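A.B. asks: In the working numbering, the protein residues as written are 6 to 425. Think of the CB as a built atom: it goes at the ideal place given N, C-alpha and C, for glycine as much as any other residue. No experiment lies behind these values; they were computed from the predicted model shown. My questions all concern the structure below.
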């Protein structure tokens, strides 16, 4: 098949949706398909374009994928309106790009408005569309309260139109599918559930002590590490407050926030103390080593977020042999995931007292922590393998593609082509 992905996020972004779009594209190219990707300039989670990415368009060949990057505005402090502007600008530029005559187009959302523009181009071209839903955009608007009820209704109408008009839809969770079908009106027969997979390699445990020393973690510290975006959805103010409580009480618990995001500077200024550490994003290898060197891995969500997203960090966490502590609502997808798989301990969202108590409970119960860690590794092995997940994506695309044999002998791109 000739497959074209259209989505804002792609490597070298190392967190969030980019990881899965990139990995799926490269794995499909490795299976002999001719894969192109029309993507934005790298900007997440720092919300600023990565240094060195200049010009308005860049062409790259990366691991067998023909990548076209289209520049777009990036809001320093993202909100509903400026994010929508970013998406529309990217969508228009992507719609007028060379799509390489695909047999099927994959639209990656929650870049909702760019996906709608690209869907219009696909309709005019008669190209089948599969929409890959990584987050529920309309629920994100509704649950965050941004823009009020009217904004939520508009987002729901637009998202519903997109999924109903798509030839196929891939959702990353069963609860996503229920919402797409029951609320947005997508045909159940067109919606496939394909979980996101574990994309990191387990670190070598032999270097754990050296990694802790290099990061400034004492042997007696109970390190609770949150890795990933620092934005409004994560509500990390409660982690800062929990660190202050830990400092006041002389607790062994030390909270570490690893990553970047539009709220990082604000968080750093809130309440500096010696039980709270901020780390910049780490390169491959060092990132996995830091996860494995921690004692507890944290998912922290804003209260009221129940349906909109499945934290991508969980797929990384489960590979580490460490227990997960989830500060989230009991009815959330994350809470259901953690408690249903037995991979960690859940405490209420935005409750610093409960967060610190949960960390201390795991620190004082090594048998329980080991039980959660083993369950995570088992779940990763049995449910989150990359090959079966990409098999399912490939099958969905094949079911909707207009495959033409005349492309079968066309060569894949070289590993690196000229840029301009």
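In this structure, what does DSSP give as the bridge partners for residue 11?
C.D. replies: Here residue 11 is taken as the residue at index 6 of the chain shown, counted from 1. DSSP output for residue 11 lists 43 and 112 as bridge partner(s).
A.B. asks: Determine which residues share a DSSP beta bridge with residue 349 and list them.
C.D. replies: By 1-based counting over the chain shown, the position of residue 349 is 344. DSSP, once it has assigned bridges, lists 329 as partnering residue 349.
A.B. asks: If I measure Cβ to Cβ from residue 193 and keep anything under 6 angstroms in the same chain, skipping five residues before and after, which residues do I get?
C.D. replies: Position 188 of the chain shown, counted from the start, is the residue given in the question as residue 193. 186, listed in sequence order.
A.B. asks: Check residue 121 in the structure and name its three-state DSSP category.
C.D. replies: As a first step, residue 121 is located in the chain shown; it is residue number 116 there, counting from the start. Looking at residue 121 - three-state DSSP - the assignment turns out to be helix.
A.B. asks: Taking the runs of the alpha helix (DSSP H) that are 4 residues or longer, which of them lie wholly in the segment 230-301?
C.D. replies: Here the runs fully enclosed are 242-254, 269-275 and 291-298.
A.B. asks: Given residue 414, which residues of its chain have a CB within under 6 angstroms of its CB, disregarding the five upstream and five downstream residues?
C.D. replies: Working through the chain shown from its first residue, we reach residue 414 at position 409. Reliability of the predicted coordinates at residue 414 is poor, the pLDDT of 45 falling under 50, and the value obtained from them is presented with this limitation in mind. There are no such residues.
A.B. asks: Mind listing, in chain order, the continuous alpha helix (DSSP H) runs of no fewer than 4 residues lying wholly within the segment 349-395?
C.D. replies: Those alpha helix (DSSP H) runs which fall completely within the segment 349-395 and span 4+ residues are 357-369 and 371-388.
A.B. asks: So for residue 175, helix, strand or coil by DSSP?
C.D. replies: The residue you call residue 175 lines up with position 170 of the chain shown. If DSSP states are grouped into helix, strand and coil, residue 175 belongs with the strands.
A.B. asks: With a threshold of 16 other CB atoms inside 10 Å of the CB of residue 96, please say whether the residue is buried or exposed.
C.D. replies: As a working mapping, residue 96 is identified with position 91 in the chain shown. Buried, since its Cβ has 16 or more Cβ neighbours within 10 Å.
A.B. asks: Between the Cα of residue 238 and those of 71, 396, 83 and 122, spot the shortest distance and give me the residue it belongs to.
C.D. replies: One-based indexing of the chain shown puts residue 238 at position 233. Among 71, 396, 83 and 122, the Cα nearest to that of residue 238 is on 83.
A.B. asks: Determine the closest residue to residue 329 out of 321, 335, 301 and 315, with distance taken between C-alpha atoms.
C.D. replies: Here residue 329 is taken as the residue at index 324 of the chain shown, counted from 1. Of the candidates 321, 335, 301 and 315, the one whose C-alpha sits nearest the C-alpha of residue 329 is 301.
A.B. asks: By alpha-carbon positions, which one of 398, 161, 134 and 297 ends up nearest to residue 145?
C.D. replies: Here residue 145 refers to the residue found at position 140 when the chain shown is read from its first residue. Measuring from the Cα of residue 145, the nearest candidate turns out to be 161.
A.B. asks: Which of helix, strand or coil does DSSP assign to residue 143?
C.D. replies: Indexing the chain shown from 1 puts residue 143 at position 138. In this structure, residue 143 counts as helix in the three-state DSSP scheme.
A.B. asks: Residue 169 and residue 191 - do their beta-carbons sit closer together than 8 angstroms?
C.D. replies: Numbered from 1 along the chain shown, position 186 holds the residue referred to as residue 191. Numbered from 1 along the chain shown, position 164 holds the residue referred to as residue 169. Yes; because the gap between Cβ atoms is below 8 angstroms, this pair is in contact.
A.B. asks: With C-beta atoms as the reference, is residue 228 less than 8 angstroms away from residue 272?
C.D. replies: Counting from 1 along the chain shown, the entry for residue 228 is found at position 223. Counting from 1 along the chain shown, the entry for residue 272 is found at position 267. No, Cβ-Cβ distance for residue 228 and residue 272 is not below 8 angstroms.
A.B. asks: According to DSSP, simplified to helix, strand and coil, what is residue 21?
C.D. replies: On the chain shown, residue 21 is found 16 positions in, with the first residue counted as 1. The answer is coil: DSSP assigns residue 21 none of H, G, I, E or B.
A.B. asks: Tell me, which residues are paired with residue 136 by DSSP?
C.D. replies: Here residue 136 corresponds to residue number 131 of the chain shown, with the count starting at 1. BP columns for residue 136 point to 112 and 174.
A.B. asks: Taking a contact to mean a Cβ-Cβ separation below 8 angstroms, would you say residue 247 touches residue 167 in this structure?
C.D. replies: Walking along the chain shown from the start, residue 247 turns up at place 242. Walking along the chain shown from the start, residue 167 turns up at place 162. Against a cut-off of 8 angstroms, the Cβ pair of residue 167 and residue 247 comes out as no contact.
A.B. asks: Using only the alpha-carbon positions, how far apart do residue 388 and residue 381 sit?
C.D. replies: Along the chain shown, one-based indexing puts residue 388 at 383. Along the chain shown, one-based indexing puts residue 381 at 376. So the two alpha carbons sit approximately 10 angstroms from each other.
A.B. asks: How far does the alpha helix (DSSP H) with residue 216 in it extend, from its first residue to its last?
C.D. replies: On the chain shown, position 211 is the one that residue 216 refers to. Its alpha helix (DSSP H) spans residues 213-219.
A.B. asks: So the candidates are 223, 99, 78 and 390; which of them puts its Cα closest to the Cα of residue 324?
C.D. replies: Translated into positions along the chain shown, residue 324 becomes position 319. The residue with the shortest Cα to Cα distance from residue 324 is 390.
A.B. asks: If residue 42 and residue 70 are in contact, beta carbons under 8 angstroms, what's the gap, nearest whole angstrom?
C.D. replies: In the chain shown, counting from the first residue as 1, residue 42 sits at position 37. In the chain shown, counting from the first residue as 1, residue 70 sits at position 65. With a Cβ gap of about 6 angstroms, residue 42 and residue 70 count as contacting.
A.B. asks: Under 8 angstroms: do the segment 50-69 and the segment 257-269 share three or more Cβ pairs, one atom per stretch?
C.D. replies: With the cut-off at 8 angstroms, the segment 50-69 and the segment 257-269 touch.
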